[in-house]
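Following the numbering used here, the numbering of the sequence shown begins with -1 at its first residue and continues without gaps. Where is the CB? At the ideal position from N, CA and C, for every residue including glycine.
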Amino acid sequence: MGSSEDLDYPKKLLEYKDGFLVSKTMFTACELGVFDLLLESEVPLSSAVIAQHLGSSIDGMKRLLSACESLKLLEAELKNEEAFYRNTELSSLYLTKSSPKSLYHTMMYYSQTMYLCWHYLTDAVREGKNQYGRAFGVPSKSIFEALYRSEEEMIKFMHFMNSGWTLCGKDVLTLFDLSLFPNVCDLGGCSGALAKECISLYPASTVTIYDLPKVVQTAKKHFISPDEDRIRFQEGDFFEDSVPEADLYILARIIHDWTEKMCLQLLEKVYNACKPGGTVLLVEILLNEDRSEPVMSQLQSLNMLLQTEGKERTSAEYSKLLTTVGFKEIQVKTTGKIYDAILGKK
Ligand code: SAM
Ligand code: ASE
């Protein structure tokens, strides 16, 4: 840090400045369907053919494709001075819609929703609150009313939530031996990616997805098939209504949405619903104890400021929330990936 090299030529700052140009280039190629078209095609395709298939200008597509090549998202081979493009292995695996590891819905949510919110980061920092009013013209009173401002937006969010678990859903559910819990409740279980992972990892478990009524109805309609009969549903509001009986409560990406006071209210309800030996599993992105890292957790915490009433926390802060309401034997385990887990017992 601070070497003369850095000060003569601020390489890092120039890279940071272009961060959103890189993101938007990748998002745009996803959104236009470049990676999907190249996955389907048996042979590499020219810019003109790709532009024609995807209904874009030839010049715009030429620039997009060569930017993607320079970002190593595409590979090109020259024939008679014309470039023919194909996907890299990485793009085929993660940027196509149909891949089992697809991050397509993550990219779309970042590009279409989060990008608009981040335009108002200055306002969010000044005011210390989310920016749905400015970004989407909807009142920012209740965050999930804003997040679900139309059915279409709710479905996009539900796809986004699912696509996050393709990377580390299995990892977070195998940190602790959850086979001890036949009856699992996934509070705020949304579109059910973790519930599906849970029943496939633990053949004796039944998972109840608890969520707001319209989320449960949409999950049943679009995300969970009736033959996944070890997944059950319960509609409700976890701040207003009682929660189902269970041996294990999973709260994945729930606590980070809320203020301290609301977190304690929710966790106290979960504690009271637990029988002795009952267990809670929090799944969250963790900040290091000195809060300096990881960068991704820091950026996610800014996103929580923009989109919710919450923030990202350290494992000590999560442990404190759990012990405050009465949970004991707190254990923290890390995956080395994005999400980690904290377990507590009654
Ligand atoms: N647990 C899922 C995951 O990690 O993919 C979804 C996390 S998402 C950030 C938060 C979930 O909590 C959403 O599905 C949302 O509908 C649900 N939720 C928000 N407020 C709720 C409430 N008051 N009662 C029940 N569920 C709620
Ligand atoms: C929430 C999580 C998110 C509420 C709104 C949100 C995320 C984006 N908007 O609980 C999660 C983003 N995290 C990652 C790793 O993509």
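Exercise. Examine the ligand ASE and report whether any of its heavy atoms sits within less than 7 Å of the Cβ of THR306.
Key: yes
Quiz item: Do you know how far the Cα of ASP209 is from the Cα of GLY276?
Solution: 20 Å
Quiz prompt | C-alpha gap between PRO224 and PHE231, whole angstroms | solution = 11 Å
Self-check item: Per-residue DSSP class, three states only, for LYS329
Solution: As written in the sequence, residue 329 is Gln, which differs from the Lys given in the question. Reduced to three states, the DSSP call for GLN329 is strand.
Quiz item: Hey, out of PRO274, HIS254, MET302, whose CA is closest to GLU282's CA?
Solution: HIS254
Self-check item: In DSSP terms, what GLN50 is bridged to
Solution: Note: GLN50 sits in no beta bridge, so no partner.
Quiz item: What separation, rounded to the nearest whole angstrom, lies between the Cα atoms of SER203 and LYS95?
Solution: 30 Å
Exercise. Return the chain-ordered list of same chain residues with a C-beta closer than 6 Å to the C-beta of ILE248, the five sequence neighbours on each side being excluded.
Key: ASP184, LEU279
Self-check item: ILE48 beta carbon less than 8 Å from that of LEU35
Solution: yes
Practice problem: Using beta-carbon positions only, say whether ILE141 and GLY186 come within less than 8 Å of one another. | Solution: no
Quiz prompt | Per-residue DSSP class, three states only, for LYS267 | solution = helix
Quiz item: Per DSSP, ILE207 is paired with what?
Solution: ASP184, PHE231
Practice problem: Please classify GLY407: is it buried, with 16 or more other beta-carbons within 10 angstroms of its beta-carbon, or exposed? | Solution: Because residue 407 is not part of the residues shown, which for the chain are -1 to 344, the question remains open.
Quiz item: Leaving out five residues before and five after GLY131 in sequence, what residues of the same chain have Cβ atoms less than 7 Å from its Cβ?
Solution: PRO137, SER138
Quiz item: Mind checking whether the beta-carbon of HIS254 lies closer than 7 Å to any heavy atom of the ligand ASE?
Solution: yes
Practice problem: Starting from LYS354, follow the alpha helix (DSSP H) in both directions and report where the run begins and ends. | Solution: Lying outside -1 to 344, the shown extent of the chain, residue 354 is not represented and no answer is given.
Quiz item: Does the stretch 193 to 200 touch the stretch 144 to 158, meaning 3 or more C-beta pairs lie closer than 8 Å?
Solution: no
Self-check item: Outcome for ASN78 when other beta-carbon atoms lying within 10 angstroms are tallied against a minimum of 16
Solution: exposed
Quiz item: Which residues share a DSSP beta bridge with GLU282?
Solution: ASP338
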